[in-house]
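Okay, structure first, notes after.
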DNA sequence: ACCTGAACACCGTTCAAGT
DNA sequence: ACCTGAACACCGTTCAAGT
């Protein structure tokens, strides 16, 4: 209609510069890009906007300030958890839910802290809880105990994932250089048991640490559920 | 000696204004005050300096930038953990160490996230580890297993404390108002098991949640240690 | 040895316009 | 409905002085 038609194709004239199809999802995506590239500390309204070729103030039309932006990112991550189909085997299903959570967290390690550290009140945060409750209730666990065990599982999961994510960006690969340096520090700490265990403390196998913690948590759950069922089922026997 | 004596008592002439006896410890104390009052987000070089009646740039003489400042706070908190004398009873001692850690964390709930979230490489961070290793090794646990169990304990502890600290500043007191509001939200979530467990999910007893998690962790440790000892001690039997 | 003025390149956020 | 210029009150940090 106006002179805009003279620039060529009707839309997409110059995506990175002019109007950038701004939307909540696009903004969250850009934020995730910033986080993956430079860490959470690098997130600012201005840096995110720069990624989109837009003025920082434009973000306020779609997101409730910087805090709201980070909440939105956490929500997006929680929402992206690919919850498994349940098999009916109780331990298998618990592990599958935990694995799904972990896989999502490790996909954006720098952002993972957000999910574990922020209090999310949105619906997205409840889906994993629903999944775990489904498994626990299906195994015959009473509601009250199911909630306690749910919290236990989540605490164990977050505790290990936090360590795993903080351990640095190296992914499974053993780095001999920093490793022996770290070990030396531990040996020289003057703490006898720390020094004794220096070799084991210095190295950290992400996979192993996770597996060990989740195994233990599931173990506890299995045992608790069994004892609860015994107490109610064959009460008098 | 000089005219300073004319203000009255020799020292303490005007603490909040002039030279404020600046030192690393004083700065850390001021930072903790800011955190307790207004949360971690309120910490800035300028806000901490204001508390001390000093220019922000002066802090750089004692602390390595804002990041170094926060590290110093985390170190200070870790250093303040009052580790218990060990009794020799294994489960008792594990719990005592965990309790000491928790007590310290809950003394500055807003700051606790720092300790659990930051990677501290200083010696202060190793004292609790040494304590736990002492207990585990004393119980006859081999080094490798002791390290794994140490990590398990720490993960469980951090997982629960993080929840506990984020649950808000209310301390044990039940707040009926926000509670029923929260429950309503869960009921209306559309997730059947979440709705079913809404009452239990809405309320959260800090003490109970912690006790449950630590009981479970100690349970795991006790069992693991027993099975390890059985495997090595009466190997052939 | 410790503190600060001047200075720089950043922040988050509001509001009143512009289209 | 969405975007931005002007504007404000903040940031962290460096460096060259001052004492």
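Protein chains in written order, with full-length UniProt numbering: chain L, 1 to 237; chain B, 1 to 237. Glycine is no exception: its CB is placed at the ideal position from the N, C-alpha and C atoms. For clarity, every value in this text was computed on a predicted model and none was experimentally measured.
| Touch test, the region 60-74 of chain L against the region 149-168 of chain L, Cβ-Cβ under 8 angstroms, three pairs minimum | With the cut-off at 8 angstroms, the region 60-74 of chain L and the region 149-168 of chain L do not touch.
| field | Exposure of residue 21(B), with buried meaning 16 or more beta-carbon neighbours within 10 Å | value | By 1-based counting over the second chain, the position of residue 21(B) is 21. Within 10 angstroms of the beta-carbon of residue 21(B) lie fewer than 16 other beta-carbons, which makes it exposed.
| task | Ignore the nearest five residues each way along the sequence and tell me which others in residue 90(B)'s own chain have a CB closer than 8 angstroms to its CB. | result | As a position in the second chain, residue 90(B) is number 90, starting the count at 1. The residues 135, 138, 139, 222 and 225, in chain order, have a CB closer than 8 angstroms to that of residue 90(B) in the same chain once the five nearest residues on each side in sequence are set aside.
| query | Under 7 angstroms between C-beta atoms, does residue 92(L) make it to chain B? | reply | The count along the first chain starts at 1 and reaches residue 92(L) at position 92. For residue 92(L), the answer is no, since every Cβ of chain B falls outside 7 angstroms of its Cβ.
| Should residue 188(L) be labelled buried (16 or more other beta-carbon atoms within 10 Å of its own) or exposed? | Locating residue 188(L) in the first chain gives position 188, where the first residue counts as 1. An exposed status is given to residue 188(L), since fewer than 16 other beta-carbon atoms sit within 10 Å of its beta-carbon.
| query | With burial defined as no fewer than 16 other Cβ atoms inside 10 Å of the residue's Cβ, what is the status of residue 206(B): buried or exposed? | reply | The residue labelled residue 206(B) in the question sits at position 206 within the second chain. Buried.
| Would you report the Cα separation of residue 67(B) and residue 45(B), rounded to the nearest angstrom? | Residue numbering aside, residue 67(B) sits at position 67 when the second chain is read from its first letter. Residue numbering aside, residue 45(B) sits at position 45 when the second chain is read from its first letter. Between residue 67(B) and residue 45(B), the C-alpha separation is close to 10 angstroms.
| task | Say whether the region 98-113 of chain L touches the region 46-66 of chain L, bearing in mind that this needs 3 or more beta-carbon pairs closer than 8 angstroms, one atom from each stretch. | result | Look at the beta carbons and you see the region 98-113 of chain L not touching the region 46-66 of chain L: under three pairs across the two are nearer than 8 angstroms.
| said: Distance check for residue 158(B) and residue 163(L), CA to CA, integer angstroms please. | reply: As a first step, residue 163(L) is located in the first chain; it is residue number 163 there, counting from the start. As a first step, residue 158(B) is located in the second chain; it is residue number 158 there, counting from the start. The alpha-carbon atoms of residue 163(L) and residue 158(B) are separated by roughly 10 angstroms.
| field | First through last residue of the alpha helix (DSSP H) which encompasses residue 120(L) | value | As a position in the first chain, residue 120(L) is number 120, starting the count at 1. Taken as a continuous stretch (DSSP letters only), residue 120(L) belongs to no alpha helix (DSSP H), as it is neither H nor E.
| request: Along the alpha helix (DSSP H) that carries residue 129(L), what are the first and last residues, could you check? | output: Along the first chain, one-based indexing puts residue 129(L) at 129. Start and end: 126-138.
| task | Run down chain L in chain order and give the residues with a C-beta less than 8 angstroms from the C-beta of residue 51(B). | result | Counting from one through the second chain, the residue named residue 51(B) turns up at place 51. Correct list: empty, because the minimum Cβ distance to chain L is about 24 angstroms.
| query | Counting contacts by CB-CB distance shorter than 7 angstroms, is residue 210(B) in contact with chain L? | reply | Start at 1 with the first residue of the second chain, and residue 210(B) comes out as number 210. Answer no: the Cβ-Cβ gap between residue 210(B) and chain L never drops below 7 angstroms.
| Cβ-Cβ distance between residue 194(B) and residue 126(L) below 7 angstroms | Position 194 of the second chain, counted from the start, is the residue given in the question as residue 194(B). Position 126 of the first chain, counted from the start, is the residue given in the question as residue 126(L). In this structure, residue 194(B) sits near residue 126(L), with a CB-CB distance shorter than 7 angstroms.
| said: I'd like to know if residue 191(L) contacts chain B, where contact means its C-beta is closer than 7 angstroms to some C-beta of that chain. | reply: Stepping through the first chain from its first residue, residue 191(L) is reached at position 191. Yes, because at least one Cβ of chain B sits closer than 7 angstroms to the Cβ of residue 191(L).
| query | I think residue 101(B) touches residue 81(B), with their Cβ atoms under 8 angstroms apart; what is that distance to the nearest whole Å? | reply | In the second chain, counting from the first residue as 1, residue 101(B) sits at position 101. In the second chain, counting from the first residue as 1, residue 81(B) sits at position 81. Cβ atoms of residue 101(B) and residue 81(B) come within 8 angstroms of each other, at about 6 angstroms.
| Which stretch, first to last residue, makes up the alpha helix (DSSP H) that contains residue 62(L)? | Within the first chain, numbered from 1, the residue matching residue 62(L) stands at position 62. Residue 62(L) -> no alpha helix (DSSP H), and no H or E assigned at all.
| query | In chain B, what lies closer than 7 angstroms to residue 166(L) by C-beta? | reply | Within the first chain, the letter at position 166 stands for residue 166(L). Listed along the chain, the chain B residues whose CB falls inside 7 angstroms of the CB of residue 166(L) are 119.
| Reduced DSSP secondary structure (H/G/I, E/B, other) of residue 87(B) | Translated into positions along the second chain, residue 87(B) becomes position 87. For residue 87(B), the secondary structure class from DSSP, reduced to helix, strand or coil, is coil.
| query | Where does residue 209(L) fall in DSSP's three states? | reply | In the first chain, the residue the question calls residue 209(L) occupies position 209. Residue 209(L): helix per DSSP, three-state reduction.
| field | Length of the line joining the Cα atoms of residue 130(L) and residue 181(B) | value | Looking up residue 130(L) in the first chain gives position 130. Looking up residue 181(B) in the second chain gives position 181. Distance between the alpha carbons of residue 130(L) and residue 181(B) is about 19 angstroms.
| message | Just to confirm, is the Cβ distance from residue 177(B) to residue 198(B) under 7 angstroms? | response | One-based indexing of the second chain puts residue 177(B) at position 177. One-based indexing of the second chain puts residue 198(B) at position 198. Remark: C-beta atoms of residue 177(B) and residue 198(B) do not approach each other more closely than 7 angstroms.
| request: Could you spell out the range, first to last residue, of the alpha helix (DSSP H) harbouring residue 142(B)? | output: Residue mapping note: residue 142(B) aligns to position 142 of the second chain, counting from 1. Where residue 142(B) is concerned, there is no enclosing alpha helix (DSSP H), given that its DSSP letter is neither H nor E.
| Taking Cβ-Cβ distances shorter than 7 angstroms, what residues in chain L pair up with residue 97(B)? | As a working mapping, residue 97(B) is identified with position 97 in the second chain. Chain L residues near residue 97(B): none, gap ~13 angstroms exceeds 7 angstroms.
| said: So, with DSSP's three-state summary, where would you put residue 155(L)? | reply: Within the first chain, the letter at position 155 stands for residue 155(L). Helix.
| residue 87(B) burial status per 10 Å Cβ neighbour count (16 or more: buried) | Taking the first residue of the second chain as position 1, residue 87(B) is located at position 87. Residue 87(B) is exposed by the Cβ-count criterion.
| field | Per-residue burial, residue 98(B) [other beta carbons within 10 Å of its own, 16 or more giving buried] | value | As a first step, residue 98(B) must be located in the second chain, where it is residue number 98. Classification of residue 98(B): buried, given that the 10 Å Cβ count is 16 or more.
| query | Going by Cα to Cα distance, which pick from 23(L), 56(L), 108(L) and 49(L) is closest to residue 40(L)? | reply | In the first chain, the residue the question calls residue 40(L) occupies position 40. With distances taken between CA atoms, residue 40(L) lies nearest to 108(L) out of 23(L), 56(L), 108(L) and 49(L).
| said: Using a Cβ-Cβ distance cut-off of 7 angstroms, determine whether residue 213(L) contacts chain B. | reply: Residue numbering aside, residue 213(L) sits at position 213 when the first chain is read from its first letter. Closer than 7 angstroms to some Cβ of chain B, the Cβ of residue 213(L) qualifies, so yes.
| request: Tell me whether residue 44(B) sits in a helix, a strand or coil according to DSSP, three-state version. | output: By 1-based counting over the second chain, the position of residue 44(B) is 44. Of the three classes helix, strand and coil, the one that applies to residue 44(B) here is coil, per DSSP.
| Would the beta-carbon of residue 75(B) fall within 7 angstroms of that of residue 23(B)? | Position 75 of the second chain, counted from the first residue, corresponds to residue 75(B). Position 23 of the second chain, counted from the first residue, corresponds to residue 23(B). Going by C-beta atoms, residue 75(B) is not nearer than 7 angstroms to residue 23(B).
| Measuring CA to CA, which of 203(L), 145(L) and 132(L) is closest to residue 232(L)? | Mapped onto the first chain, residue 232(L) falls at position 232. If you compare the alpha carbons of 203(L), 145(L) and 132(L) with that of residue 232(L), the shortest gap goes to 145(L).
| said: By alpha-carbon positions, which one of 60(B), 208(B), 92(B) and 43(B) ends up nearest to residue 218(B)? | reply: Your numbering for residue 218(B) matches position 218 in the second chain. The candidate whose alpha carbon is nearest that of residue 218(B) is 92(B).
| query | Can you find a CB in chain B that lies within less than 7 angstroms of the CB of residue 155(L)? | reply | For the purposes of this step, residue 155(L) is taken as the residue at position 155 of the first chain. Chain B contact via Cβ: present.
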